[in-house]
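Here's the structure we're looking at; comments come further down.
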Amino acid sequence: MCGICGFLAGPGPEPGLEATARRMADTIAHRGPDGDGVWADGEAGIALGHRRLAIVELSPLGRQPMESADGRWVIAYNGEIYNFQDLRAELESAGHQFRGHSDTEVLLEGCAAWGVERTVRRLVGIFAFALWDRRERTLVLVRDHLGVKPLYWARMGGALLFGSQPKALRAHPAFAAEIDRDALSAYLRFSYVPAPHSIYQGVHKLEPGSILTVRPGREPERTVYWDAGAAARAGIADRLSLSDSETTDALESLLKDAVGRQMMADVPLGAFLSGGIDSSTVVALMQAQSARPVRTFTIGFGEDGYDEAVHARAVAAHLGTEHTELRVEASHALDVIPKLADWYDEPFADSSQIPTLLVSEMTRRSVTVALSGDGGDELFAGYNRYLTAPALWRRMAPLPAGLRRGAAGLIRAVRPAGWDALAGLIPEGRRPRQTGDKLHKLAGVLDAAGPDAIYRRLVSQWQDPDALVRGGREPQGPAWDDGLAAGIPDFVERMQHLDSVTYLPDDILAKVDRASMGVSLEARVPLLDHRVVEFAWRVPQAQKLRDGKGKWLLRQVLYRHVPPALVERPKAGFAIPLDGWLRGPLRDWAEDLLDEGRLRREGFLDPAPIRACWAEHLAGTRNNQHRLWNVLMFQDWNRRWGSAAAPAPLAASAA
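Heads up: the sequence shown begins at 1 in the UniProt record's numbering, then just goes up one per residue.
And the structure:
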C-alpha cells in the first residue's frame, strides 16, 4: 500500500509544481515510509506525488510515479492487484516486455494496451490510482470495487486536487477548509461522513467502483465500472440451486483462492485474529496453504465482557499459528485518543477505532502485511440487526400505525429516570438494567412507518441531527431510496446491501485503512474479493440465516478447520468499555470539549441537547456513549483540523 496525491492546475507554464506535490506527499508519509516520488509537467499543469510502502518488487524498479513504456501514461497508484501475474502473462504473450516485477507496471501497461475501463474491469484487488494521459492531457482517478482504498478529490482555486487523505489536499495552497454543515449532520447520525461527501465543502470521496475522468475544458465525469446494487440484483435473479455441501465446497474453493492470492508478498505477512467466525476462517485458510505457522495477532482488555483474546488464543492453538497477544490496560488505550484526529483525518466515531489502531501498532512490529476478516457480516448476514429488525417489524406490523405512534408518545412522555424509578418497584433479581433507556429506544422504532425506517433507526445515533447542527440539512443517501425494494425485495437483503454500500466502505474499511496505514501496515481483506461478493449474492438466504444465526454457510467452511465449540458464542464486536471511561478517566477531557460556552463560541452545534445527553450519561440513567462519542470526535477533530491549520505528518509510530 502507498499514499497518492496530486493536482491538475490547467495548461500553461506553472511554477512550483514539484514543490507543492512534495508538500502534499509529505503529509501522508506514514502511508509510505519506504520511498517518495514526484512527477510534474509544467506546461500541462499536472503534478503527481507518491509515498511508497514496498510490498512487491522491493527494488527501485517499483518506484512511482511510473511512466509507461511508450511514454504516454504516468501513474501514481495505491493498492495490490492480486491477479497481476495472470495479466502480465497475457501482456507478455502479446509481445510486451517488462522492466521489473511490480503489479504497478502491469496495471500501467494494461491501461496502455487495453484502455482504462477494460483493464479495471479485469482487476482482482484493492486500489486507488491517478493516471495521466500525456497525449490527451486527461487525468483519470479510479477506486476499487468495494472501496477498500480511499481517494478524495476537490476542485478549488481553478485546480483539481486529489489524495489518499484530506491532509494531502490541505497542503495545496488553493485548499479552502470550510466545514460542510450538511455533511456534519450526516456524520452525527452515522458516526462517519458518508460518501460522496466529506467534512469539507467541495471535497468529495470518489465512490467505490468508480472512474472520474477530467478532460480539458470539461466538468469531471464519473462512470461506474462495477456496481454493488447491480451485483446484488444479478445474484438474486440467478440463485444457486446446490445442496448445502455443494455450496460449502464452492465457497471454500473461492475463499481459498482469494486468501492464497492475498498471501503474495515480498515482506513478512500475518493476520488479525479475534477468534470470531470471519477472522478465524481467513486464518484457517491461510494456514491450510502455508508450509510454516502463520503469524497471528490479537489484543485483549482486562474489563469483564470486553476480552476476546481468550477465544483468539484457542483458535490459534488449534490451527498451530505463531500467536502474539497484547493485553491492553485502560491507560494504554486512553493514550491513543489524542492521536485520533491525526490518524483518522475526518470526524470518525466508531469507537472500535481505538483497539484497531492498537492491534495495528502491535502487528507492524513483526510484519508489514496483515490479512483481515472484514466483510463477512455484510456478505453472509452476520449482524444482529438482520435478525432483530425483521422480528420487530413482524410484531409491530399488525398494530395500527396510530396505536404505535400513541404508545411511543406515552413512553417518551416519561423521562428515562422516571421509568427507572418505576422499575425500582420490581424485585432486583428481575429488574432490567437501564429500564428507561431501553424503553426510549423501543419508542424510537415503535412509530417507524415500515421496515426500512426501522433499519434507519437502528443505524442512527442522533435521530434528528439537523436539530443539533446549526444550519445543517442532512443529505439523504441510499438508506432513503424508496425504489430499492423493487430490485431487492427481501428486507434482510436490503439491509445487507445498504450496509455494503454505506457502513462497510465509510466506517469499517475507512477505520482499518487509517489505523493500519497510520503505522505503515498493509491490511488486506480477502472476504471482499469482488468475486466472493458476487458469489455471496447468489447464495440463497436460507444458507446464510439458519437456526436463528447468521453466517451459516461461512460457519460450515470454518467448521472443516476449527471445531464449532471454539468459535460459537454471541457476537461481541471489537468493543471497548467506553461508557465507564466517559464517566471515569475520560470525564475531564470530555467536559472540556462539551463545555457549553465552547459549543456556543464555535457555532456548529446546539449546546442544549448535548448537555442534556451528557448529564443523563453521567447520572447513569441512559448509556449515551455512542451519541456522545460522535460529538466528542467532531469536537476533537475540529480543534485539530477545523480551521485552515497547516497540515502536519503523523508522529513517528511505535512500529
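Note that beta-carbon positions come from the ideal geometry of N, C-alpha and C, so glycine has one too.
Could you give the C-beta distance for residue i and residue j, rounded to a whole number, given that I count them as a contact under 8 Å?
{"i": "L358", "j": "V328", "result": "6 Å"}
{"i": "R52", "j": "G79", "result": "Wrong, their Cβ atoms sit about 12 Å apart, outside the cutoff."}
{"i": "G100", "j": "L61", "result": "3 Å"}
{"i": "I75", "j": "L108", "result": "5 Å"}
{"i": "F7", "j": "H197", "result": "Actually they do not touch by this definition, with Cβ atoms about 21 Å apart."}
{"i": "G3", "j": "I28", "result": "4 Å"}
{"i": "E322", "j": "P293", "result": "4 Å"}
{"i": "Q461", "j": "H617", "result": "No, Q461 and H617 are not in contact; Cβ-Cβ is about 13 Å, not under 8 Å."}
{"i": "H204", "j": "A159", "result": "Going by Cβ atoms, the distance from H204 to A159 rounds to 15 Å, so no, they are not a contact pair."}
{"i": "N623", "j": "D579", "result": "5 Å"}
{"i": "G276", "j": "L387", "result": "No, G276 and L387 are not in contact; Cβ-Cβ is about 17 Å, not under 8 Å."}
{"i": "A289", "j": "G260", "result": "Note on identity: in this sequence residue 289 is Gln, with Ala being the wrong assignment. Contact holds; Cβ gap of about 5 Å."}
{"i": "L458", "j": "R385", "result": "5 Å"}
Report buried or exposed for residue i, applying the criterion of at least 16 other Cβ atoms within 10 angstroms of its Cβ.
{"i": "A648", "result": "Residue placement at A648 is flagged as unreliable, the pLDDT there being 39, under the threshold of 50; the coordinate-derived value follows with that caveat. With fewer than 16 other Cβ atoms within 10 Å, it is exposed."}
{"i": "L48", "result": "buried"}
{"i": "S372", "result": "buried"}
{"i": "W343", "result": "buried"}
{"i": "V369", "result": "buried"}
{"i": "P427", "result": "exposed"}
{"i": "A644", "result": "Any reading at A644 needs caution, since the residue's pLDDT is 33, under 50, leaving its predicted position unreliable; the model's value is listed next. Exposed, by the Cβ-count rule."}
{"i": "L392", "result": "buried"}
{"i": "D464", "result": "exposed"}
{"i": "P13", "result": "exposed"}
{"i": "S245", "result": "exposed"}
{"i": "residue 723", "result": "Past the edges of the chain, shown from 1 to 655, lies residue 723, and the structure says nothing about it."}
{"i": "R170", "result": "buried"}
{"i": "C5", "result": "buried"}
{"i": "T223", "result": "exposed"}
Report the option in the options whose CA atom is closest to the CA atom of residue i.
{"i": "E493", "options": "A389, D278, R587", "result": "A389"}
{"i": "R404", "options": "P416, I81, A443, R233", "result": "A443"}
{"i": "L254", "options": "L285, P150, E361, G483", "result": "L285"}
{"i": "D345", "options": "R583, H50, D513, W581", "result": "D513"}
{"i": "S352", "options": "R587, R470, D507, A258", "result": "D507"}
{"i": "W39", "options": "I55, A54, G16, H30", "result": "G16"}
{"i": "T298", "options": "H311, A288, S290", "result": "H311"}
{"i": "I337", "options": "R640, D452, R598", "result": "R640"}
{"i": "V539", "options": "D547, G548, W552", "result": "W552"}
{"i": "D499", "options": "A317, Y192, K256", "result": "Y192"}
{"i": "L240", "options": "G642, Q543, F272", "result": "Q543"}
{"i": "G472", "options": "I199, H30, V56", "result": "I199"}
{"i": "R560", "options": "S516, A619, D249", "result": "D249"}
{"i": "D452", "options": "L387, L446, G217, F491", "result": "F491"}
{"i": "P347", "options": "R181, A479, T296, W132", "result": "R181"}
Roughly how many angstroms separate the alpha carbons of residue i and residue j, rounded to a whole number?
{"i": "residue 656", "j": "L605", "result": "Nothing can be reported for residue 656, as the shown portion of the chain is limited to 1 through 655."}
{"i": "D481", "j": "Q496", "result": "14 Å"}
{"i": "W537", "j": "R23", "result": "44 Å"}
{"i": "D636", "j": "F301", "result": "24 Å"}
{"i": "L251", "j": "S274", "result": "22 Å"}
{"i": "A19", "j": "G42", "result": "12 Å"}
{"i": "G110", "j": "R72", "result": "13 Å"}
{"i": "A652", "j": "P33", "result": "Model confidence at A652 stands at a pLDDT of 37, short of 50, so the residue's coordinates are unreliable and nothing is read from them."}
{"i": "E117", "j": "T213", "result": "11 Å"}
{"i": "G642", "j": "E568", "result": "44 Å"}
{"i": "A349", "j": "T502", "result": "15 Å"}
{"i": "D238", "j": "F84", "result": "29 Å"}
{"i": "L410", "j": "L439", "result": "11 Å"}
{"i": "S69", "j": "G375", "result": "At residue 69 the sequence reads Ala, which differs from the Ser that was named. Each residue's Cα considered, the two are about 37 Å apart."}
Per DSSP, which residues does residue i bridge with? Please list them.
{"i": "F535", "result": "None; F535 has no bridge partner."}
{"i": "residue 666", "result": "Here the chain has residues from 1 to 655 only, and residue 666 is not among them."}
{"i": "C2", "result": "R52"}
{"i": "H323", "result": "T296"}
{"i": "N78", "result": "A128"}
{"i": "H204", "result": "W153"}
{"i": "D133", "result": "W73, T138"}
{"i": "G163", "result": "C5, Y152"}
{"i": "L269", "result": "V369"}
{"i": "K549", "result": "R546"}
Could you check whether the Cβ of residue i sits closer than 8 Å to any Cβ belonging to chain C?
{"i": "L628", "result": "Considering every chain present, this structure includes no chain C. It has just one protein chain."}
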